[in-house]
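Protein chains in written order, with this note's numbering: chain A, 23 to 357; chain B, 23 to 357.
All remarks here apply to the structure that follows.
2 protein chains.
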Amino acid sequence: MQRIAYQEVYETLLEILLRLGFSVERAQLCARLFTDASCDGVYSHGVHRFPRFRQMIESGVVDVHAEPMLAAQLGAVERWDGKCGPGNLNAFACMDRAIALSRQYGVGCVALANTNHWMRGGSYGWQAAEAGAIGICWTNTMPNLPPWGATEPRLGNNPLVLAVPRASGHIVLDMAMSQFSYGTLEAYRITNEELPVNGGFDAGGELTRDAAAIEASGRPLPIGYWKGSGLALLLDMLAALLSGGLATREIARDSYQETRLSQIFVAFDLPAIDQAQLRNEIVNNIVTFTHGTNPGETVRYPGEQTLKTRLENRRHGIPIAADVWAQITSASSAS
Amino acid sequence: MQRIAYQEVYETLLEILLRLGFSVERAQLCARLFTDASCDGVYSHGVHRFPRFRQMIESGVVDVHAEPMLAAQLGAVERWDGKCGPGNLNAFACMDRAIALSRQYGVGCVALANTNHWMRGGSYGWQAAEAGAIGICWTNTMPNLPPWGATEPRLGNNPLVLAVPRASGHIVLDMAMSQFSYGTLEAYRITNEELPVNGGFDAGGELTRDAAAIEASGRPLPIGYWKGSGLALLLDMLAALLSGGLATREIARDSYQETRLSQIFVAFDLPAIDQAQLRNEIVNNIVTFTHGTNPGETVRYPGEQTLKTRLENRRHGIPIAADVWAQITSASSAS
Chain A
23 MQRIAYQEVY
33 ETLLEILLRL
43 GFSVERAQLC
53 ARLFTDASCD
63 GVYSHGVHRF
73 PRFRQMIESG
83 VVDVHAEPML
93 AAQLGAVERW
103 DGKCGPGNLN
113 AFACMDRAIA
123 LSRQYGVGCV
133 ALANTNHWMR
143 GGSYGWQAAE
153 AGAIGICWTN
163 TMPNLPPWGA
173 TEPRLGNNPL
183 VLAVPRASGH
193 IVLDMAMSQF
203 SYGTLEAYRI
213 TNEELPVNGG
223 FDAGGELTRD
233 AAAIEASGRP
243 LPIGYWKGSG
253 LALLLDMLAA
263 LLSGGLATRE
273 IARDSYQETR
283 LSQIFVAFDL
293 PAIDQAQLRN
303 EIVNNIVTFT
313 HGTNPGETVR
323 YPGEQTLKTR
333 LENRRHGIPI
343 AADVWAQITS
353 ASSAS
Chain B
23 MQRIAYQEVY
33 ETLLEILLRL
43 GFSVERAQLC
53 ARLFTDASCD
63 GVYSHGVHRF
73 PRFRQMIESG
83 VVDVHAEPML
93 AAQLGAVERW
103 DGKCGPGNLN
113 AFACMDRAIA
123 LSRQYGVGCV
133 ALANTNHWMR
143 GGSYGWQAAE
153 AGAIGICWTN
163 TMPNLPPWGA
173 TEPRLGNNPL
183 VLAVPRASGH
193 IVLDMAMSQF
203 SYGTLEAYRI
213 TNEELPVNGG
223 FDAGGELTRD
233 AAAIEASGRP
243 LPIGYWKGSG
253 LALLLDMLAA
263 LLSGGLATRE
273 IARDSYQETR
283 LSQIFVAFDL
293 PAIDQAQLRN
303 EIVNNIVTFT
313 HGTNPGETVR
323 YPGEQTLKTR
333 LENRRHGIPI
343 AADVWAQITS
353 ASSAS
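Rendered as structure tokens:
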């Protein structure tokens, strides 16, 4: 990993996106979302994924020109068609729209069909929180998680995001329904470290902390065993039913062909409910209580580490794997 | 356990509720909710909990006469005050209201403050599904779950319910954020069985499948370790912020004094979105795919077992612990 300055990362990606045909405004937002994900420490879903994103544009899976289109409207619920445009731009537009609906109705829901991988799901939680709204969103994925009781992937790991705004730092939970993502398993395999807890089954069907064995078996573990399995199933059903788009079972099992995902964006308009000061006090009190005061114990709220990492990476540069950065910059100068 | 006919259970509870001062209609609904929970196999949150419910009425924690009252209205979001009335009646009324709001706005949300234990959370999922709506609801609880990294309970296990309607059987997920409820731990302890997976920490801080050791340490495990811990925290924040009611940290840590809970009820109006036939097809296809066809594998969707148990208990009677039934019926004839 080498550290590259935020502005250099952003401008490098921006330049490539412009040459790929993005309009200026869309290229800026797209470059910012990629750069921010890495700056916040979510390396697996930031700049490290940019080469794959570029390849999916070049292979025609992602259409840089497609913009999401309103497909149906039912009060505070809207269906949008992502038209296979860039997943992060589609997701950002739909959370934005959900927030606008929540200003009008107290709650807003946008169900998005035919979209692409949203990269870092937490981005849209931070987006809602920045706007002073509670945000909830989730996506389905290709089948990559065996349901409890089975050996083959027939569920997506369907990441779920919940976000609560707070003046001194938003609370943002961004979690897949598998105990560890494939990106995390890979990282543990490369450094030859044991997972901190069981992460899946080995080929013999035994629970294991060996990341390589789980990659080989294709049997990561749902969080809470049968519970995460059930939750992944329900999130897929809701996404497909509300959006009118595809369910996990219909999505190509190939991370370079994974497209036409279904996503849900929900926002609650907190400013309309209570004064910001009262809301901050409520959330601060919960955070303080949860942290506790026991010496030697470290309890963190979701998003707490993000703020520290963001500051550090803004100051010292964003860690990016040398080979990935070489690939990005050589493509940048070649095209 | 002895099997008691559905009608006998229902009428016994009804009679007691009437004598406790419930109006006829409310006594009928309350008796039905208790009886149905046991009939559906959720014994820990059905008739077995009735003696505690009765005691909480007699001690004044639960006010049989209190009905939920609209506190604020913001389009599709309403705040209701449960006024410490019976938790299951409050919850039923609020899911009913969320469904009505969803008919008008596509989505409806009722945030309920000052309520009591809703008994079986799945009841309100089944209620939404019976009405043809998608239902989502959750409750906070007293502190009963240590956050990841801590040894003391500073989170609730905050059960979450998601329900999708389907002609041939609704999909209803009802799960607490702890891997096993205290009721389940107790059941394993009594039969001296090992938990199927690690359920918490023992007094020495080691993960264990020994239910008694977890009861003794008071350290059940959140589902997915840090993930369930984060989700429990966010569910509490959302419940407190949206309802204006108490957060887990403010709720009495005593299961006979646990009151003034905050709950959220969300419904999506599916009938307005698509035809029932199409919706059934979407859900059926997902269920079929998830079940798979591998010989020797058993995959179940949440709620699948419920339908079988319901039929069996309707036919052969509802299993009720002999001592609990004796307690209920002696109280019934005595009072």
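Cβ atoms here follow ideal geometry from the backbone N, Cα and C, with glycine treated the same way.
Residue nearest to Asn-138/B in terms of C-alpha spacing, selected from Thr-161/B, Ala-225/B, Gly-157/B and Gly-63/B = When each option's Cα is compared against that of Asn-138/B, the closest is Thr-161/B.
Label Asn-335/B either buried or exposed according to how many other C-beta atoms from any shown protein chain fall within 10 Å of its C-beta, with 16 as the threshold for buried.
-> Per the 10 Å Cβ criterion, buried.
When Ala-153/B, Asp-258/B and Gly-191/B are compared against Met-439/B, the one with the closest alpha-carbon | Lying before the first or after the last residue shown, residue 439/B is absent from chain B, which here runs from 23 to 357.
State whether the region 231 to 238 of chain B contacts the region 201 to 217 of chain B, with contact taken as three or more CB pairs (one from each stretch) at a distance under 8 Å.
-> With three or more CB-CB distances shorter than 8 Å, the region 231 to 238 of chain B counts as touching the region 201 to 217 of chain B.
Going straight from the alpha carbon of Asp-62/B to that of Tyr-28/A, what length do you get?
-> When rounded, the distance between both Cα atoms is 56 Å.
Looking at C-alpha atoms only, which residue of Val-186/B, Asp-103/B and Ala-53/B is the closest neighbour of Tyr-32/B?
-> With respect to the C-alpha of Tyr-32/B, the residue from Val-186/B, Asp-103/B and Ala-53/B having the closest C-alpha is Ala-53/B.
Within 8 Å (strictly less), CB to CB, does Gly-240/B reach chain A?
-> Closer than 8 Å: no.
Please list, in chain order, all residues of the same chain as His-338/B whose beta carbon is under 7 Å from its beta carbon, the five residues on each side excluded.
-> Contacts found: Arg-25.
Does the beta-carbon distance from Asn-316/A to Thr-328/B come in below 8 Å?
-> No, the Cβ-Cβ distance between Asn-316/A and Thr-328/B is not below 8 Å.
Cβ of Leu-195/B within 8 Å of Cβ of Leu-253/A?
-> Yes, these two residues count as a Cβ contact at 8 Å.
In chain order, what residues of the same chain have a beta carbon less than 8 Å from the beta carbon of Val-129/A, not counting five sequence neighbours either side?
-> Cβ neighbours of Val-129/A within its own chain (closer than 8 Å, five residues either side excluded): Ala-98, Leu-123, Val-288, Ala-289, Phe-290 and Asp-291.
Find the residues of chain B that neighbour Gln-327/A, judging by a C-beta separation of less than 7 Å, and give them in chain order.
-> Per Cβ cutoff of 7 Å: no residues; Gln-327/A is ~11 Å from chain B at best.
Note the first and the last residue of the continuous beta strand (DSSP E) segment covering Arg-25/A.
-> It spans 24 to 26 - the beta strand (DSSP E) in which Arg-25/A sits, taken as one unbroken run.
Which residues in the same chain have their Cβ closer than 7 Å to the Cβ of Pro-108/A, if we skip the five residues on either side of it in sequence?
-> Annotation for Pro-108/A: Cys-52, Val-84, Val-86 and Asn-138 place their beta carbon closer than 7 Å to its own, counting only its chain and skipping 5 residues before and after.
Establish whether the CB of Pro-293/A and some CB of chain B are separated by less than 8 Å.
-> Not an interface residue.
What is the C-beta distance between Gly-191/B and Gly-325/B, in whole angstroms, given that I count them as a contact (C-beta under 8 Å)?
-> A Cβ-Cβ separation of about 7 Å places Gly-191/B in contact with Gly-325/B under the 8 Å criterion.
Which value, in whole angstroms, describes the spacing of the CA atoms of Ser-357/B and Asp-276/B?
-> Residue placement at Ser-357/B is poorly supported in this model, since its pLDDT is 48, which falls under 50; the coordinates still yield a value, given next. Distance between the alpha carbons of Ser-357/B and Asp-276/B: 26 Å.
Distance between Ile-79/B and Phe-56/B (C-alpha atoms, nearest Å) = So the two alpha carbons sit approximately 15 Å from each other.
Out of Leu-134/B, Gln-349/B, Ala-294/B and Leu-182/B, which has the shortest C-alpha to C-alpha gap to Leu-264/A?
-> For the residues Leu-134/B, Gln-349/B, Ala-294/B and Leu-182/B, the minimum Cα distance to Leu-264/A belongs to Ala-294/B.
Hey, out of Tyr-323/B, Arg-322/B, Ile-286/B and Val-321/B, whose CA is closest to Leu-134/B's CA?
-> Considering only alpha carbons, the answer is Ile-286/B.
Select from Lys-105/B, Trp-140/B, Leu-96/B and Cys-106/B the residue whose C-alpha is nearest the C-alpha of Met-117/B.
-> Closest by alpha carbon: Trp-140/B.
Cβ atoms of Leu-184/B and Leu-184/A: under 8 Å apart, would you say?
-> With contacts defined by Cβ atoms closer than 8 Å, Leu-184/A and Leu-184/B do not form a contacting pair.
Which residues mark the beginning and the end of the alpha helix (DSSP H) in which Cys-159/A is found?
-> Not the alpha helix (DSSP H): Cys-159/A falls in the beta strand (DSSP E), residues 156 to 161.
For Val-46/B, the first and last residue of its enclosing alpha helix (DSSP H) = Following the DSSP letters along the chain, one finds Val-46/B inside the alpha helix (DSSP H) bounded by residues 46 to 61.
Val-132/B: which of Ala-113/B, Met-164/B, Trp-148/B and Gly-144/B sits nearest, CA to CA?
-> Of the listed residues, the one whose Cα sits closest to Val-132/B is Ala-113/B.
Reference Ile-193/A, options Ser-145/A, Glu-216/A and Leu-217/A, closest by Cα | Of the listed residues, the one whose Cα sits closest to Ile-193/A is Ser-145/A.
Three-state secondary structure (DSSP) at Leu-243/A?
-> In the structure shown, Leu-243/A adopts coil according to DSSP, grouped into three states.
Can you list, in chain order, the residues of its chain whose CB lies under 8 Å from that of Tyr-247/B, leaving out five sequence neighbours each side?
-> Take Tyr-247/B, set aside five residues on each side of it, and the residues of its chain with a beta-carbon closer than 8 Å to its own are Trp-170, in chain order.
Since Cys-131/B is in the alpha helix (DSSP H), which residue starts that stretch and which ends it?
-> Per DSSP, Cys-131/B belongs to no alpha helix (DSSP H); it is in the beta strand (DSSP E), 129 to 137.
With 16 other CB atoms within 10 Å as the buried threshold, where does Ile-121/A fall?
-> Buried, because 16 or more other Cβ atoms sit within 10 Å of the Cβ of Ile-121/A.
Have a look at Tyr-127/A, Trp-102/A, Glu-100/A and Arg-142/A and flag the residue whose alpha-carbon is nearest the alpha-carbon of Asp-58/A.
-> It is Arg-142/A whose Cα lies nearest to the Cα of Asp-58/A.
How would you list, in chain order, the residues of chain B whose beta-carbon sits under 7 Å from the beta-carbon of Tyr-323/A?
-> Ordered by position in chain B, the residues that pass the 7 Å Cβ test against Tyr-323/A are Leu-255.
For Lys-330/A, does the count of other Cβ atoms within 10 angstroms reach 16, so buried, or fall short, so exposed?
-> Flag for Lys-330/A reads exposed.
Quick one: does Lys-249/A have its CB under 8 Å from some CB of chain B?
-> Yes, because at least one Cβ of chain B sits closer than 8 Å to the Cβ of Lys-249/A.
Would Cys-131/A count as contacting chain B if we go by Cβ distances under 8 Å?
-> Interface criterion met: the Cβ of Cys-131/A is under 8 Å from a Cβ in chain B.
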